[in-house]
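Visitor: Submitted below is the structure of interest, expressed as structure tokens.
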Amino acid sequence: MKYCVMIHLVKGLTLLCAAILQTAACCLLFGWVVAAVVVGVQLLMAAAIVCCGIRAPD
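Residues in the sequence shown are numbered consecutively from 83, following my numbering.
Listed below in structure tokens is the structure:
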């Protein structure tokens, strides 16, 4: 059981680091405005996916 929790924590931290690195790279390449737009669009898509998963679970 504790290994399952550790695996989920590591996955979460890895995804969080990937999101931060992607945002930083987008900011360096295109500027703050484009980075904010990209992050906003990604958050809207993630919210839509979560809502669909809650409303119609498999």
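The beta carbon of each residue, even a glycine, is placed where N, CA and C say it ideally should be. Quick caveat: nothing in here was measured; it's all calculated off a predicted structure.
Shortest alpha-carbon distance to Q104 belongs to which of Q124, A128, M83 and A138?
Guide: In the sequence shown, counting from the first residue as 1, residue 104 sits at position 22. Ranking the options by Cα distance to Q104, first place goes to Q124.
Visitor: Please name the residue, chosen from G135, C134 and V121, that lies closest to L98 on a Cα-to-Cα basis.
Guide: Stepping through the sequence shown from its first residue, residue 98 is reached at position 16. Selected option, being the one with the closest Cα: V121.
Visitor: What is the residue span of the alpha helix (DSSP H) that G135 lies within?
Guide: Numbered from 1 along the sequence shown, position 53 holds the residue referred to as residue 135. Looking at the DSSP string, the run of the alpha helix (DSSP H) that includes G135 is W114 to R137.
Visitor: Looking only at its own chain, which residues have a Cβ that is under 8 Å from the Cβ of W114, when we skip the five neighbours before and after it?
Guide: Numbered from 1 along the sequence shown, position 32 holds the residue referred to as residue 114. Closer than 8 Å at Cβ, skipping near neighbours: no residue.
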